[in-house]
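Worksheet: the structure to be examined is printed underneath.
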Amino acid sequence: MLILSLDTSTAACSVALHKDGVLLGCYELFTERTSSAMLTTLLNDVVQQAGFKLNQVDAIAVAKGPGSYTGLRIGVSTAKGLCFALDKPLLAVNTLTAMMEQIRAYFPANYILCPMIDARRMEVYCALYTTEGQELLPTSAQIIDSHSFQEWLTQGPVVFFGDGAEKCRVLLAEQPNALFPTVNVVPSARTVGQLAYSAYKAGQFENLVTFEPFYLKDFMTTQPRKAVL
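Residues in the sequence shown are numbered from 4 upward in steps of one, following the numbering used here.
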């Protein structure tokens, strides 16, 4: 079973190919504003370099969000386009869950994992998980202050990671149970494809017509001020 996956949730862009849940190849770009333009090229390259053709892929997987409005729109549109063109099913994975999957094996069972994506100002997109992958707090948009996550921090260690975690570092500095890994965890198609394999076996396919990115909140625009006459 071949699953081609992509993640454009943030400024980073990544694609990966998995066979029966095992990673065959992965390309990642961290060049802001240019990575999405390379997405189609990366998708073709990762399949060809692994010795396959696009029409041999069994499914397309995409990180559905939360994250950048524009990035999610590009990723989902590309994934749906491939599915229509190749007549393949679509799989969608929560971006925060895929981030959690990157590090959960490195922490003891009593730790809580909190992946975070920057949502501007003091807001983040986040969720809480056990190291076994069980969701404790659903994905939500949170405004961070010195009282954030107190209920969980009194229970044990909480690991904050992702580009939104920097907003917590100073505010929660006096909390002994607030932990911040030195290595930044970036959303990646590597774990999107990993989780998509389980979704494929469970038959958790998306409706190509109705599926939309998980924006979490409405896209905000700045309206120009009217001139005062």
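Every residue, glycine too, gets a C-beta built ideally from N, C-alpha and C.
Quick one: what's got a C-beta closer than 8 Å to residue i's C-beta in the same chain, skipping five residues either side?
i	result
D148	M125, L174
Q178	L156
Quick one: what's got a C-beta closer than 7 Å to residue i's C-beta in the same chain, skipping five residues either side?
i	result
L5	L20, K22, F55, Q59, V60, D61
T142	P69, N97, L99, Y128, A130, L219
G24	Q197, Y200
E138	A130, Y132
L140	A130, L131
P216	K67, G68, L75, R76, V79
K170	M125, V127, I147
Express the C-alpha separation of residue j and residue i in angstroms, rounding to a whole number.
i	j	result
L9	Y109	24 Å
G28	V50	8 Å
N113	T44	42 Å
A168	E104	17 Å
A192	S17	5 Å
D121	L89	34 Å
N135	L42	Contrary to the premise, residue 135 reads as Glu rather than Asn in this sequence. If you take the alpha carbons of E135 and L42, they lie about 32 Å apart.
T185	D48	32 Å
Taking buried to mean at least 16 other C-beta atoms within 10 Å of its own C-beta, is residue i buried or exposed?
i	result
K91	buried
R123	exposed
V65	buried
V195	buried
G165	buried
K67	buried
A176	exposed
A205	exposed
E154	exposed
To which residues of the same chain is residue i closer than 6 Å at the C-beta, ignoring the five residues directly before and after it?
i	result
L182	P160, V162
F33	A15
Q145	V127, C129
E31	S17
C117	C129, L131, V161, F163
Going by DSSP, name the residue or residues bridged to residue i.
i	result
G28	L20
F214	Paired residue(s): none; F214 is not in a bridge.
M119	C129
N113	N113 pairs with nothing; no bridge assigned.
A62	I6
E138	Y132
E209	L93
A181	V161
Would you mind stating whether residue i and residue j have Cβ atoms separated by less than 8 Å?
i	j	result
L93	C86	yes
P190	A53	no
C188	I106	One detail in the question is off: residue 188 reads as Val in this sequence, not Cys. Cβ distance < 8 Å, so V188 and I106 count as in contact.
Is any non-hydrogen atom of the ligand GTP found closer than 7 Å to the C-beta of residue i, if you look at the structure I gave you?
i	result
L156	This structure does not include the ligand GTP; it has no bound ligands of any sort.
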